[in-house]
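Below is one structure; the comments refer to it alone.
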Amino acid sequence: MPGSLSAVLDSLEADHDYLLDGGVFTPDLISTWVDWKRANEVDPVRLRPTPHEFAMYYDC
């Protein structure tokens, strides 16, 4: 079981054929959704320090 949203998105990119069966989703929709999740949810968290990191490195 993936331990983070980033790992979930990696798994979804690697194995999403079951979502394409019956034309429920298109490859473009899945790719667009994964890209959006990375840009709007994964990257903003990944690019900022956690409160603990802030206290360790920036709190004088």
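Position 35, counted from 1, in the sequence shown is what UniProt numbering calls 35; the numbers after and before it change by one each time, with no gaps. Beta carbons: idealized from backbone N, C-alpha and C, even for Gly.
Residue state for Arg48 is assigned as coil, using DSSP reduced to three classes. Following the DSSP letters along the chain, one finds Ala39 in no alpha helix (DSSP H), marked with neither H nor E.
Taking C-alpha positions only, Leu19 is separated from Thr32 by approximately 14 Å.
Contact annotation: Arg38 and Leu9 have beta-carbon atoms nearer than 8 Å.
Taking 8 Å as the cut-off, the beta carbon of Val34 is found closer than this to the beta carbon of Leu12.
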